[in-house]
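Notes for the one structure printed next.
Chains as they are written, first to last, in this note's numbering: chain V, 45 to 156; chain B, 1399 to 1510.
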C-alpha cells in the first residue's frame, strides 16, 4: 500500500513569515512529486512540481526534494492571508505507473 | 473559459436513478482522469484514460461506468449508487500521463 503522509494541521503562521509544509512518501520508486493548493469548496490547483533532488523555486514558492529520505517539502515565503488553504502533496507510483497518490493535505492558516 | 469544465456542478439523486457526469478539457491534453474526494480522505483515483483508452481502474464498483469518446471528453455514468458515494467528483487532464494534472471544478454529488 503506497502512502503519502502529511501533517493535517492546521499550521498557523503570521503574515510575512515562511510557511513550511512537509510530506513523506513510502514508494522508493516514485519519480514525480506535485504540490496542489485547494481552497475550501474549490478544486485542487497545481502550485509546483519537482522531479530531481534539490530545490526548485517559483516566485514565493520553493519545493525541496530528498529522495534518499523520501521527503518533499513546500516553502512559502512572505506568507499572505490569501495563501490560507489546504496544500496537497501528490506522488507518482514510479515505473511508468499512471497513478498519483495524494496525501490528506495540510491546512495552512496565515494570520494577518 | 476554464481549461477543464465539469457539468453539472451539483447533483442530487436517489439510489435508483441513472445520471451522468461530464468533463471537457480545452487544453489539448492526451490523458484524463476521474477522482473521488470524500471528507477527511485523500483524493482517490478512480479511472485513467490515455489517448481514449482506459489504462487504470482502481477497483471501482461497477455502478460507476466511465466513457471516453475522444481525448477531450470524459463521462462518468452513475446507476444505483449508495449513500457512501456522496462526494466531490473531480476530473483532471494532463498532457501525458503522470505529467502535472489540471483539475476541473468538480461535481458535488449527493445520494439520497
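Quick reminder that beta carbons are idealized off the backbone N, C-alpha and C, glycines included.
Note that the structure is a prediction, hence the values are computed from the model and not measured.
Check: Once the 5 residues before and after residue 1498 (chain B) are set aside, which same chain residues still bring their CB inside 7 Å of it?; Outcome: 1492
Check: Using a Cβ-Cβ distance cut-off of 8 Å, determine whether residue 1422 (chain B) contacts chain V.; Outcome: no
Check: I need the straight-line Cα distance from residue 1459 (chain B) to residue 1445 (chain B), nearest angstrom please.; Outcome: 11 Å
Check: Please check the pair residue 133 (chain V) and residue 154 (chain V), which I expect to be a contact at CB under 8 Å, by giving their CB distance rounded to whole angstroms.; Outcome: Contact flag wrong, Cβ pair sits at about 19 Å.
Check: Give me whichever residues DSSP pairs with residue 143 (chain V) in a beta bridge.; Outcome: In the DSSP output, where bridge partners are listed per residue, residue 143 (chain V) has none listed.
Check: For residue 1386 (chain B), name the three-state secondary structure that DSSP assigns.; Outcome: Given a span of 1399 to 1510 for chain B in the structure shown, any question on residue 1386 (chain B) remains unanswerable.
Check: Is residue 1482 (chain B) helix, strand or coil by DSSP?; Outcome: helix
Check: Can you check which of these residues, B:1412, B:1480, B:1495, B:1457, is closest to residue 1430 (chain B) by C-alpha distance?; Outcome: B:1495
Check: Could you tell me the distance, in whole angstroms, from the CA atom of residue 1468 (chain B) to the CA atom of residue 80 (chain V)?; Outcome: 27 Å
Check: Decide yes or no for the touch test of the region 1402 to 1422 of chain B against the region 1472 to 1482 of chain B: beta carbon pairs closer than 8 Å, at least 3 of them.; Outcome: yes
Check: Just list the beta strand (DSSP E) runs in the region 78 to 135 of chain V, keeping only unbroken ones of 3 residues or longer that don't cross its boundaries, in chain order.; Outcome: 89 to 94, 98 to 102, 105 to 110, 115 to 120
Check: Along the region 59 to 71 of chain V, what residues have a CB closer than 8 Å to any CB found in chain B?; Outcome: none
Check: Under 8 Å between C-beta atoms, does residue 147 (chain V) make it to chain B?; Outcome: yes
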